[in-house]
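For the sequence shown, full-length UniProt numbering assigns the number 1 to the initial residue and increments by one for each residue that follows.
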Amino acid sequence: MALKLFECLQGEKNILDLCAVIQHSPSPTEQTQTDLDLKVIELQNQTEKIEEEIKALEKVESIYTTWESEVQQMNGLANSQIQEKCRNQANCIKTKKMEVISLISGLLELAAVIVKLLVSEELPEWKCKQQMSCIGKPVNTSLELLEKWFSCVAESLLQILQQLKKLQISPVSDLPEVIQQISSFTTSLLKTLMENALVVEKQPVMYNQPHRPLVVRTNVLFSVKLRFLVNLQNLQYGCWIKAEFDKDVEEIKTIPGYRQFQFTAKDTKVMEQNEGLVADWDLSVKENKAKRKRSNESPILVTEELHMITFSADLKFACLDCQVKTNTLPLTIVSTTSQIPSAWASVLWYNLYCPAPLTKEEGLWFWIDGILDLIENHLKKLWRDGRIMGFVNKKKACDLLQNKQSGNFLLRFSESNKEGAITFSWVHKTKKVHAIDPFTKDELKQKSLADNIKTFRAKNGTDNPLLYLYPDIPKDNAFGRYYSNMNEVPINQPVTPYVKKTYVCEADCPSPRSSSPPQILMDMDQDWRDIRTPSPMLSPGTSEQLNDLMSDVLIYTEHNNNEEGRY
1 MALKLFECLQ
11 GEKNILDLCA
21 VIQHSPSPTE
31 QTQTDLDLKV
41 IELQNQTEKI
51 EEEIKALEKV
61 ESIYTTWESE
71 VQQMNGLANS
81 QIQEKCRNQA
91 NCIKTKKMEV
101 ISLISGLLEL
111 AAVIVKLLVS
121 EELPEWKCKQ
131 QMSCIGKPVN
141 TSLELLEKWF
151 SCVAESLLQI
161 LQQLKKLQIS
171 PVSDLPEVIQ
181 QISSFTTSLL
191 KTLMENALVV
201 EKQPVMYNQP
211 HRPLVVRTNV
221 LFSVKLRFLV
231 NLQNLQYGCW
241 IKAEFDKDVE
251 EIKTIPGYRQ
261 FQFTAKDTKV
271 MEQNEGLVAD
281 WDLSVKENKA
291 KRKRSNESPI
301 LVTEELHMIT
311 FSADLKFACL
321 DCQVKTNTLP
331 LTIVSTTSQI
341 PSAWASVLWY
351 NLYCPAPLTK
361 EEGLWFWIDG
371 ILDLIENHLK
381 KLWRDGRIMG
391 FVNKKKACDL
401 LQNKQSGNFL
411 LRFSESNKEG
421 AITFSWVHKT
431 KKVHAIDPFT
441 KDELKQKSLA
451 DNIKTFRAKN
461 GTDNPLLYLY
471 PDIPKDNAFG
481 RYYSNMNEVP
491 INQPVTPYVK
501 KTYVCEADCP
511 SPRSSSPPQI
521 LMDMDQDWRD
531 IRTPSPMLSP
541 GTSEQLNDLM
551 SDVLIYTEHN
561 NNEEGRY
């Protein structure tokens, strides 16, 4: 009995010990913050170490300068021993300088990692927490750690810039280009940090509605607090912030009757030192009815309109000259107290249910879905018979056609339409490769792709420039079976004395020059800014994989359709 009791107590103790270990183990967030804190400390320590190395280098350079001055005073009568000593000292300085530059390069790699973590992970995570706190979630939105990290990294980068300047003006300086490149990289890191350092610490909230932020009433004061996360002594009393209402809100231009507002008081303020570099603002807005036509009624309720305040500052600091800006979360504006519950519902809906912006990978699948639908409804036969090359970017199409005869063309899917579209590139008589604006699904409903190819002509020309489908298939052999009989009169249609009209596809030649996107993306036929295209869309070998994928999907779809038709 005693043994059994001992085993039970021992088991209970083991469970309690395990719970204690789990309880004291850091969460993933705490672990990330600890790792980042260690990186920042390492950055500071290494910066100070380099500072000591440069001070030692300056002492050696001072001795070298003294020796060199003595040699010059001897008017060339210095013995070979002194000259040799000067040469050795100069070589020693150059070697030491290379070591210091190598240390700085390694340090900047660490700084780049920290800046990326701060700007791409820690700051967005804090903004997400703040967004949730606005609608009542109890989360920690303290900026203490972020301000500490931003300030320490900025201070280290400024110190590195000063160190590079000392290396550049030293008596033995034969690496001006290398130092300049490192200095430019350091400046870019500092600029990235500064451009993201301005945040809205406290979102707009009325004093009489503290539990409902982001709901503002016209002509009633509301408070908003900004903080500049880089808290350095040199920035105090020199950072003027300007507030602008609905600066980048597209709905004002696109939705008729969308209300416009303006501030009733001064819209500029200087940041002050108050437990950090902050700007506490009391603002109020009024509707600008002069810019709103009475006849225009907005299709959405006033309590569903989302507005935004943009804060910006022109920052001139050290070697930097850049603009920093930030936005509030979308807010609603009411004119009466009775509208507040409805406006608060809009705030809740936006922050809880509005989808996040699509990632590049998600954008790819929407594009592929559009292409699948395009093939299924308009291009199935052409695709099955291998008439469409498909997933080829414009540059690759030009490379394939460059050495082909005049009139050679190929069909490819366009990236410039998320709904799915197809275009073709052809070799002109001038041996230049041109491309036509993509055919959309709506256009292909009116006239098939084969008929568009048959009747296509270049502007100011009478002949069809499309002669051979890549590689060398005569156009009519490739598409003849898909042409519709345009002169055929349908049965039971009354005969009229009129000649049936035919629509001809015509294009300027040469085709307008498309925009030049980054090379990691497929060339776009027209500007497409409302979709995020993956980077890169088609890597080497992906074209064949996508073609196989499309074939498999279409075969599977057709098989299912046939199976359903049997029952």
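Each residue gets a CB set at the ideal place from its N, CA and C atoms; glycine is no exception.
Could you tell me whether the Cβ atoms of Met194 and Cys92 are closer together than 8 Å?
no
With DSSP run on the structure shown, which of helix, strand or coil describes Leu214?
coil
Taking the straight line between their C-alpha atoms, what separation do you get for residue 568 and Gln131?
Since the displayed the chain opens at 1 and closes at 567, residue 568 lies outside it and no answer follows.
Euclidean distance between Cα positions of Phe424 and Ser120:
39 Å
Which residue comes first and which comes last in the alpha helix (DSSP H) that contains Asp463?
Looking at the DSSP string, Asp463 is not in any alpha helix (DSSP H), and its letter there is neither H nor E.
In whole angstroms, what is the alpha-carbon distance linking Met308 and Trp149?
28 Å
At which residue ranges does the region 290-353 contain complete beta strand (DSSP E) runs of 3 or more residues, listed in the order of the chain?
309-317, 320-327 and 332-334
I need the boundaries of the alpha helix (DSSP H) containing Leu193, first residue and last residue.
Pro176 to Glu195
Collapsed DSSP secondary structure at Lys242 in the structure displayed
strand
Does the separation of the CB atoms of Ile371 and Thr218 fall below 8 Å?
no
Express the C-alpha separation of Leu117 and Pro247 in angstroms, rounding to a whole number.
Pro is not the amino acid found at residue 247; the sequence shown has Lys there. Straight-line Cα distance between these residues: approximately 29 Å.
On a CA-only basis, which of Leu229, Leu123 and Cys319 is nearest Leu161? Give me that one, please.
Cys319
My output table needs one value for Met389: the three-state DSSP class, helix, strand or coil.
coil
Applying the 10 Å Cβ sphere with the 16-neighbour rule, what's the burial state of Trp383?
buried
Cut-off 8 Å between Cβ atoms - residues of its own chain near Phe222, not counting five sequence neighbours on either side
Pro204, Val205, Met206, Tyr207, Val216, Asp282, Leu283 and Ser284
What three-state label does DSSP hand Met98 in the structure shown?
helix
Between which two residues does the beta strand (DSSP E) holding Ile422 run?
Ile422 to Val427
For Ile473, which residues does DSSP report across the bridge?
Leu469
Note down, in chain order, each residue of its chain lying with its Cβ closer than 6 Å to the Cβ of Val302, except the 5 sequence neighbours on either side.
none
Pairwise C-alpha distance: Asp373 and Glu109
46 Å
Three-state secondary structure (DSSP) at Ala265?
coil
Between the C-alpha atoms of Glu155 and Glu251, what's the straight-line distance to the nearest angstrom?
41 Å
Coarse secondary structure for Met206, derived from DSSP in three states:
strand
Taking the alpha-carbon positions, what's the Ala421 to Asn464 distance?
22 Å
Determine the closest residue to Asn274 out of Leu232, Glu304, Lys289 and Val347, with distance taken between C-alpha atoms.
Leu232
To the nearest angstrom, how far is the alpha carbon of Val113 from that of Val40?
10 Å
Extent of the continuous alpha helix (DSSP H) to which Glu251 belongs
Glu251 to Thr254
Who does Val433 pair with in a DSSP beta bridge?
Val427
Backbone secondary structure at Ser223 - three-state DSSP
strand
Among Arg412, Val100 and Glu53, the one whose alpha carbon lies nearest that of Gly386:
Arg412
Grouping DSSP H, G and I as helix and E and B as strand, with all else coil, what is Phe456?
coil
Cβ pair Val347, Ile101 closer than 8 Å:
no
Should Glu147 go down as buried or exposed, given a rule of 16 or more other Cβ atoms within 10 Å for buried?
buried
Using the three-state DSSP reduction, which class does Lys247 fall into: helix, strand or coil?
coil
Using C-beta distances below 6 Å, list every residue in its chain close to Thr542, excluding the 5 sequence neighbours before and after it, in chain order.
Here the model assigns Thr542 a pLDDT of 47, short of 50, so the residue's position is not dependable, and the following value carries that caveat. Answer for Thr542: no residue qualifies.
Could you have a look at Ile22 and say whether DSSP puts it in helix, strand or coil?
Note on Ile22: pLDDT 49, under 50, position unreliable in the model; the coordinate value appears next. If DSSP states are grouped into helix, strand and coil, Ile22 belongs with the helices.
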